[in-house]
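Read the structure below first, then the notes.
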Amino acid sequence: MVYFYLNITFNFLNMNYLNLLIEILTIISIISALCVITSTNPVLAIVFLIILFINVGIYLILMGLQFIGLSYLLVYVGAIIVLFLFIVMMISVDIFSSVEVGLNYYKLLPLAYLITILSIILFLITIPAFSLDFTNGVLSKEIYSIINGFILSFKDKLYNINPTLFTPLLFDLNFLDSNFWVYHIVDNYNINNESFLIFNNSAFGNPSTLLHKNLQINTLGESIYGYYSILLILSGFLLLLAMIAPIVLARRHNN
Amino acid sequence: MLSILYLILESIAVIVPILLVVAWVTILERKVLAATQRRVGPNSVGYYGILQPFSDALKLIIKETVVPGSANKVLFYLAPLIAIIVSLLGWAIIPLGQGLVISDFSMGVLYTLTLSSIGVYGILFAGWSANSKYAFLGSIRASATMISYELILSSSIIVIILLTGSFNYIKIIEAQQSIWFIVPLAPVFILFFIAILAETSRTPFDLQEAESELVAGFFTEHSSIIFVFYFLAEYSSIVLFSAVTSILFLGGYNFPELFINNTFLNIQSIILGLKTCLICFTFIWFRATFPRVRFDQIIVFCWTALLPVIMAFILLVPCILIAFDIIAV
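Below you can see the structure in the form of structure tokens.
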């Protein structure tokens, strides 16, 4: 475990050095992110993107999320950016002309709005921590409460969540605390034994008990493919959209 | 302060022997090639020519460094550094004996795959930054091959992960106590070996060094000490992948019960070294035997022949495990 390894390394001068290292990583990643969008040479922009991704990967590993950090490096730095570099090196990219070509796609905007609205509805009714606030004048309060009630009842069926205890858990993360998942998931979600889909299969268990007895990677796998499998299917849907869009854009209209 | 000192000493105790091994693998290659072509080979520097690599290195170091005027200087110097750092970092998780490992990382296999995929940048940057057409073509060819065959490499490792249920190298070695994985997974071993040949750009797939078409591949413009870095990185990754192969398929530092010893000598490292030497010899044997494959044939062979076979194995092995109810957790 890299985290414990570093812990041994840094504990001779308190934990302050680890925090300092994390802050340096943050600063470097911000600077390189700025360089990505400001550099005029596309290859150098991608070099800065690589630096950014390596920083983020090391940051995640230092936070104790070793598997996610490593797979970040493996997938983004090892596969996706290599393809970017390949394309950028082989064709001479002119940024300004690509901006002009992009103006031709304004006539597709209604379709884009439609797809966006449908996706937002899909995410609203499936992702536990996803909710929109319509109270600022867009919709009247009654309609908002009706929509919200419908969404929450669907989520209740899907995850068997008690709506009164439901609170968003994003951006409230403290990964270094080993009891993090236990507090958040058990308290907020109030998981019962009988659930809507295959989750009542005791082989999967619920995410809170998994973390006590397994390695990080086992826990992640069992919760992604068991408890959160709906979200996995949704992210697959997103990837499908992302794959169809370039095919549509690259299709020639004259044949 | 002492813990830092221990870490540095540990790293030196691994890196220095690795660099020596790399030096002697080059002389092994020249000797074996000479023997297969019925020549003598290098035999004048030191006894039987074993000091030849050091004189070669000295010759390369005292040469003049020539940098092309229109090159991108930063990337030009950065690329060989990436190559050698990445190929030496891979040794941090290789268990050289029972408990003899710098870091017993729980996701060691993933770490190796990550490093081997980051190593592509050393080649891509070298080709682009030199601002030379030959270097660029060589780097594009080499990295296209490496990206394609990385798929075969990681897929064949997935089959082993299915059998052991762990990413940790020591767990994988312990799982082979009863039988080495080369026996039940012989076809996967063949695919894996083809993949590491392409991953280290060795002879049937060494398009980057196709001297008749490209001058010297992606390091055409690199000279003297930065060329030595590429040389070291190439052979270090050959030895690294040989060690990984012997850990994944040949039982690592394990050996049959016949050789149990109760003395204070730790012969586990020697066993691992012998297995690694065997795989290294096979690398050189392939170079002496097979001709170079054309570029489009390499890519077509990967995507239409090897990939369906390895996908079939990824389906077959879990089916067998579930049918006999022997799933490793």
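From first to last, the protein sequence lines are chains A and B. For the first sequence, my numbering assigns the number 1 to the initial residue and increments by one for each residue that follows. For the second sequence, my numbering assigns the number 1001 to the initial residue and increments by one for each residue that follows. From the three backbone atoms N, C-alpha and C, an ideal C-beta is built for every residue, glycine too.
Notebook entry, point to check: From which residue to which residue does the alpha helix (DSSP H) around F67(A) run?
Noted result: Q66 to Y72
Next item on the list: Determine, using beta carbons only, whether L62(A) and L109(A) come nearer to each other than 9 Å.
Entry: no
Next item on the list: Tell me where the alpha helix (DSSP H) around A1130(B) begins and ends.
Entry: No alpha helix (DSSP H) holds A1130(B); DSSP gives it neither H nor E.
Note to self: For a quick check, are the C-beta atoms of L1163(B) and L1321(B) less than 9 Å apart?
What the structure shows: yes
Item checked: Any chain A beta carbon closer than 9 Å to L1110(B) -> yes
Check: If you drop the 5 nearest sequence neighbours on each side, which residues of the same chain put their C-beta closer than 6 Å to that of I1084(B)?
Finding: F1229, L1232 and A1233
Checklist line | Euclidean distance between Cα positions of F1295(B) and L111(A) | finding: 43 Å
Check: With contact counted as at least three CB pairs below 8 Å, one residue from each stretch, are the region 1234-1252 of chain B and the region 1262-1279 of chain B in contact?
Finding: yes
Notebook entry, point to check: Measuring CB to CB, does I54(A) end up less than 9 Å from L73(A)?
Noted result: yes
Next item on the list: Reducing DSSP to helix, strand and coil, say where V1215(B) ends up.
Entry: coil
Next item on the list: With distances taken Cα to Cα, identify the nearest neighbour of T1026(B) among F1193(B), S1055(B), M1001(B) and F1324(B).
Entry: S1055(B)
Checklist line | Proximity winner among F1125(B), R1030(B) and L1002(B), relative to N1072(B) (alpha-carbon distances) | finding: F1125(B)
Next item on the list: Answer yes or no: does any C-beta atom of chain A fall closer than 9 Å to that of E1150(B)?
Entry: yes
Item checked: Opening and closing residue of the alpha helix (DSSP H) in which D1056(B) lies -> Q1052 to I1061
Margin query: DSSP three-state label for R1292(B), please.
Written below: coil
Margin query: Nearest by alpha-carbon distance to T1289(B): which of L1153(B), F1205(B) and I1018(B) is it?
Written below: F1205(B)
Next item on the list: Compute the beta-carbon to beta-carbon distance between A1198(B) and T1114(B), rounded to the nearest angstrom, for a pair I have assumed lies under 8 Å.
Entry: The Cβ separation is near 18 Å, so there is no contact.
Next item on the list: Give a yes or no on whether 9 Å exceeds the smallest Cβ distance from V47(A) to chain B.
Entry: yes
Checklist line | C-beta neighbour in chain A for Y1121(B), strict 9 Å | finding: yes
Check: Using the beta-carbon of each residue, which ones in chain B are nearer than 9 Å to M89(A)?
Finding: L1124, G1127, W1128, F1136, S1139 and I1140
Check: Comparing the C-beta of I224(A) with each C-beta of chain B, is any distance below 9 Å?
Finding: no
Next item on the list: Run down chain A in chain order and give the residues with a C-beta less than 8 Å from the C-beta of L1248(B).
Entry: Simply none; closest approach about 18 Å.
Notebook entry, point to check: Around the Cβ of F1136(B), are there at least 16 other Cβ atoms within 10 angstroms (buried) or fewer (exposed)?
Noted result: buried
Check: With a Cβ-Cβ cutoff of 9 Å, do I1157(B) and F1193(B) count as a contact?
Finding: no
Margin query: What would DSSP say about L1232(B), mapped onto helix, strand or coil?
Written below: helix
Checklist line | Residues that L1113(B) contacts on chain A, provided the C-beta gap is smaller than 8 Å | finding: L74 and G78
Notebook entry, point to check: Nearest CA to the CA of L1081(B): which residue from P1042(B), F1219(B) and I1326(B)?
Noted result: F1219(B)
Margin query: For the region 240-250 of chain A against the region 1011-1021 of chain B, do three or more pairs of beta-carbon atoms, one drawn from each stretch, fall closer than 8 Å, so that the two count as touching?
Written below: no
Next item on the list: List the residues of chain B whose Cβ lies closer than 7 Å to the Cβ of F271(A), in chain order.
Entry: A query on residue 271(A) cannot be resolved here, the shown segment of chain A reaching from 1 to 255 and no further.
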